[in-house]
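**Student:** Going down the list, the sequences are from chains A and B. Numbering-wise, the first sequence is residues 1 to 417 according to the numbering used here. Numbering-wise, the second sequence is residues 418 to 834 according to the numbering used here. Note that CB positions come from ideal geometry on N, CA and C, so glycine has one too. This is the structure I want to talk about, given as structure tokens.
There are 2 protein chains.
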Amino acid sequence: MSQPDPLLPSNLFGEIDPPQRLLMGPGPVNAHPRVLRAMSADLLGQFDPEMTGYMNQVMALYRPIFGTANRWTMLVDGTARAGIEAALVSLVAPGDRVLVVNFGRFGLLLTEILGRIGAVIETVDAPWGQVVPMDAIAAAIERTAPKLVATIHGDTSTTMAQPLNGLGALCHAAGALLYVDATATIGGMELATDRWGADIVTGGLQKCLGGPSGSAPITISDRAAEVIFARRHTEAGIRMAELADGAGPRIGSNYFDLAMIMDYWSDKRLNHHTEATTMLYGARECARLMLGEGLEARYARHAAAGRAMTAGLRAMGLTVFGDDAHRMTNVTGVFIPEGVEGEAIRTMMREAFEIEIGTAFGPLSGKIWRIGAMGYNAARHKVLITLNALESCLRREGFALAPGAAVDAAMEAWSRV
Amino acid sequence: MSQPDPLLPSNLFGEIDPPQRLLMGPGPVNAHPRVLRAMSADLLGQFDPEMTGYMNQVMALYRPIFGTANRWTMLVDGTARAGIEAALVSLVAPGDRVLVVNFGRFGLLLTEILGRIGAVIETVDAPWGQVVPMDAIAAAIERTAPKLVATIHGDTSTTMAQPLNGLGALCHAAGALLYVDATATIGGMELATDRWGADIVTGGLQKCLGGPSGSAPITISDRAAEVIFARRHTEAGIRMAELADGAGPRIGSNYFDLAMIMDYWSDKRLNHHTEATTMLYGARECARLMLGEGLEARYARHAAAGRAMTAGLRAMGLTVFGDDAHRMTNVTGVFIPEGVEGEAIRTMMREAFEIEIGTAFGPLSGKIWRIGAMGYNAARHKVLITLNALESCLRREGFALAPGAAVDAAMEAWSRV
């Protein structure tokens, strides 16, 4: 062409070449290189026996990660939030009463999603920085008689981890199901789906599993699957004789219809959306890395990283946010000290050290930073490098601290049991 | 541990190593190696200026691909179907009347998604293998006075491509918006969003764009954006003063709320889900490949591949399915000849030649194969290899044909203008 097309960008932009940032915020974090390499494998057709074989492997690999024997353990094709919405829209019909255990932004997100579904929403709340006591949840269940109790496991907005032992039994005794959002803990803190008695648990790859955002692991109990299959309404274009429609109300979303997604992941191999194969390869490699490391070793590594980060921040003279007894192991909230500009420090961290730490939301916005050590980044050297960099930035902003104390405290804390 | 954990798989399964299949079905197809390599780049935080810079590049790169100057041109984080649902749930409120132009399975899918949204659905239909005449659509618009007209551009279930010139003007004159699902044509047949007058067009990577499934390019006219922003209800956890709620009914999905997604892709950088960065890198590389090749060359290559495949199949003595005047260029339906077992041929193609061709849905199930040549696979040698393999399989099943005729006809047709 003699004339450049006016719709074309003046150049095609360069080859992808992001700066090598160390992502020590509340997630996403850097993916493990093995995960990214696995994602460059060639594609397969969605019903190819090799593809469905990989799908079956993914189901087996994620069961121990969720701490479950649930048959229905698979992936939702979207980010972690897609898994949350799939769980809620498939379980909850308009007018159903749902109790949300709310102790941070992601509890609010559950109410937000449920509101759009048309649920009647009850909440039992804790102030940001605390968790909800089990007896308060029990009283709220008795008071509200919900069909579903929905909670976050670890809420990165407050860095708190809600204790869940015994909650499933409470729910089931009251005729309710239990949903748990484990986006921020899967791969870093123990998930005990079966011991908790949770009916659906969902996660994401982009935090402690050390993968990219875009695939949401999910596990579904037989009890929950029964509720969902009672709402099965297969698409007109692809009905099969063996997929009878259920008597329950149709699920409000097609893409997030877990009945159809389970039928795709079963031997029926119902055609639904085209599986996101590259993300599935990545999710599979995340799981292989985790099982290869060992669950106990994995959780201990995250605990050591969190312990070291917290000790280092305190040795710098900073005040850690929230209830010590219920802190997530993989992300630490820390108050921005008086006289220090929080965003200036974050910018200096990024520009001088290529390290990202997190800002905060809502009532904590401008008050705390959130510093994570998740997945591939839950490593001693990355904790130490981050602490040293933060020390430098604070020092250059005029904050008085004891040089070197953070690294010393972190090294000591890493090894402590 | 002395005892293996009973929940752990007995081994961790092997490293990812799929067979090298040539995917010549209706999609997904093999991704271009450059796309897969781009996806192994390191991750970035979701508000990192380098990340938001890549997002802005993606917006610029997809405008010419959609044939639009629309500001709101971006990605939905999910498969192509996620893009469809995001468009429909963001535009349509319960009780809104929608006219679906229905000529195959994916028209049925639109009605299916709309039914779950609570729309009042009208259809104007063509038998499978034909398209809907423009005057029939005009009459249906007049009869039904819809708020939205929704259509498929190319429906792979029937291999038909619906003509869309003039449809936007018809819709707008009647006060309706126009939605087009271009999943199966984007990157292979010309999209002319602005010339058609389409208000939202969505696509996917896994067909003619030569990428993996899992990201859905979307473009939204200012007219449609206004309708969507009137339904803006930002989440409680992240409200900003400059994001006033609209007076319209809240959008029925959080994940697919295009108002919030546009606010994330704008300078406001509203926190919504964590962007699927690796898929974004892939989508960006798909676009760079396409613009580097040139739009006209790209469409001509797909047209040549479709022409060659069709000519080859006919020279083998097979009958091509559907209306010749409205055939998609990138996928061909062909009748399974009498006395030949369709699935046996597909299995032989896969096992002996590592080539996948497609089966069919609904009324065409067991009657036709669907053979594609899309994206990275819209190449002369892949068409020839596929035709030779199919010839071998048919010959071995006892079907009488003129050996070599298919390749001769395809080579001739490839070069014809």
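Could you check whether residue 545/B and residue 512/B sit closer than 7 Å to each other, using their CB atoms as the reference points?
**Tutor:** No, Cβ-Cβ distance for residue 512/B and residue 545/B is not below 7 Å.
**Student:** Apply the 10 Å Cβ neighbour rule to residue 736/B and answer buried if 16 or more other Cβ atoms are within range, or exposed otherwise.
**Tutor:** It is exposed - the Cβ of residue 736/B has fewer than 16 other Cβ atoms within 10 Å.
**Student:** For residue 630/B, does the count of other Cβ atoms within 10 angstroms reach 16, so buried, or fall short, so exposed?
**Tutor:** Buried, by the Cβ-count rule.
**Student:** Which whole-angstrom value describes the C-beta separation of residue 447/B and residue 77/A, a residue pair presumed to lie in contact below a C-beta threshold of 8 Å?
**Tutor:** With a Cβ gap of about 19 Å, residue 447/B and residue 77/A do not count as contacting.
**Student:** So is residue 66/A buried or exposed if we call it buried at 16+ other beta carbons inside 10 Å?
**Tutor:** Residue 66/A comes out buried.
**Student:** Going along the chain, which residues of its own chain have a beta-carbon closer than 7 Å to the beta-carbon of residue 419/B, five neighbours each way excluded?
**Tutor:** With a pLDDT of 40 at residue 419/B, under the threshold of 50, the predicted position of this residue should be treated as unreliable, and no value is reported.
**Student:** For residue 454/B, return the contacting residues in chain A, with the cut-off set at a CB-CB distance below 8 Å.
**Tutor:** Under the 8 Å cutoff, chain A gives 40.
**Student:** Along chain B, which residues have their Cβ under 7 Å away from the Cβ of residue 44/A?
**Tutor:** The answer, in chain order, is 435 and 438.
**Student:** Cβ of residue 447/B less than 7 Å from any chain A Cβ?
**Tutor:** Closer than 7 Å: yes.
**Student:** Once DSSP output is grouped into helix, strand and coil, what is the label at residue 66/A?
**Tutor:** Residue state, collapsed to three classes: helix.
**Student:** Can you grab the Cα-Cα spacing for the pair residue 796/B / residue 383/A, in whole Å?
**Tutor:** Whole-angstrom Cα-Cα distance: 50 Å.
**Student:** Pairs of beta-carbons, one from the region 353 to 367 of chain A and one from the region 10 to 18 of chain A, closer than 8 Å: are there three or more?
**Tutor:** The region 353 to 367 of chain A, when compared against the region 10 to 18 of chain A, does not touch it at the 8 Å Cβ threshold.
**Student:** Taking C-alpha atoms, which residue in 163/A, 69/A, 18/A and 230/A lies nearest to residue 220/A?
**Tutor:** Of the candidates 163/A, 69/A, 18/A and 230/A, the one whose C-alpha sits nearest the C-alpha of residue 220/A is 69/A.
**Student:** Counting only C-beta atoms, is residue 530/B closer than 7 Å to chain A at any point?
**Tutor:** Interface residue, yes.
**Student:** Helix, strand or coil for residue 78/A? Go by DSSP, reduced to three states.
**Tutor:** Coil, per DSSP.
**Student:** Determine the closest residue to residue 334/A out of 19/A, 354/A, 311/A and 355/A, with distance taken between C-alpha atoms.
**Tutor:** Here the closest residue by C-alpha is 311/A.
**Student:** So if I threshold CB-CB distances at 7 Å, which residues from the region 760 to 776 of chain B count as touching chain A?
**Tutor:** Taking 7 Å as the Cβ-Cβ cut-off against chain A, the residues of the region 760 to 776 of chain B that qualify are 773.
**Student:** Could you tell me which residues DSSP puts in a beta bridge with residue 541/B?
**Tutor:** Paired residue(s): 518/B.
**Student:** With distances taken between CB atoms, is the gap from residue 500/B to residue 116/A smaller than 7 Å?
**Tutor:** Not a contact, by the Cβ cut-off of 7 Å.
**Student:** Where does residue 672/B sit, in a helix, a strand or coil, going by DSSP?
**Tutor:** Residue 672/B: coil per DSSP, three-state reduction.
**Student:** Between residue 607/B and chain A, is there a C-beta pair that is closer than 7 Å?
**Tutor:** Closer than 7 Å: no.
**Student:** Among the candidates 268/A, 206/A, 269/A and 48/A, whose CA atom is the shortest distance from the CA of residue 694/B?
**Tutor:** Of the candidates 268/A, 206/A, 269/A and 48/A, the one whose C-alpha sits nearest the C-alpha of residue 694/B is 206/A.
**Student:** Using 7 Å as the limit for Cβ to Cβ distance, is residue 365/A near chain B?
**Tutor:** Cβ-Cβ to chain B under 7 Å: no for residue 365/A.
**Student:** Between the C-alpha atoms of residue 360/B and residue 182/A, what's the straight-line distance to the nearest angstrom?
**Tutor:** The structure shown does not extend to residue 360/B, since chain B is modelled only from 418 through 834, so no value can be given for it.
**Student:** Ends of the alpha helix (DSSP H) at residue 299/A?
**Tutor:** First-last of the alpha helix (DSSP H) with residue 299/A: 295 to 315.
**Student:** Who are the neighbours of residue 794/B on chain A, taking C-beta pairs under 9 Å?
**Tutor:** What residue 794/B touches in chain A: nothing, since even the nearest Cβ is about 11 Å away.
**Student:** Taking Cβ positions, are residue 628/B and residue 497/B nearer each other than 7 Å?
**Tutor:** Contact flag unset, no.
**Student:** For the region 85 to 98 of chain A, which residues have a beta carbon sitting closer than 7 Å to at least one beta carbon of chain B?
**Tutor:** Answer in chain order: 85.
**Student:** Tell me the rounded alpha-carbon separation between residue 101/A and residue 330/A.
**Tutor:** Each residue's Cα considered, the two are about 21 Å apart.
**Student:** Could you check the C-alpha separation between residue 386/A and residue 788/B for me, to the nearest Å?
**Tutor:** Those two C-alpha atoms are separated by around 54 Å.
**Student:** By Cβ distance below 6 Å, which residues in the same chain neighbour residue 87/A in space, the five residues on each side in sequence not counted?
**Tutor:** Same-chain partners within the cutoff: 179, 200 and 202.
**Student:** Between residue 12/A and chain B, is there a C-beta pair that is closer than 7 Å?
**Tutor:** So, interface residue.
**Student:** 7 Å is my cut-off, CB to CB: does residue 705/B come that close to chain A?
**Tutor:** Yes, its Cβ sits closer than 7 Å to a Cβ of chain A.
**Student:** Hey, residue 685/B and residue 660/B are a contact pair by Cβ (cut 8 Å); roughly how many whole angstroms apart?
**Tutor:** Sure, about 7 Å apart at Cβ, within 8 Å.
**Student:** So what's residue 419/A in DSSP terms, helix, strand or just coil?
**Tutor:** The structure shown does not extend to residue 419/A, since chain A is modelled only from 1 to 417, so the question has no answer here.
**Student:** Whole angstroms is fine: what's the gap from residue 421/B's alpha carbon to residue 290/A's?
**Tutor:** Because residue 421/B sits at a pLDDT of 48, beneath the cut-off of 50, its placement in the model cannot be relied upon, and the point is left open.
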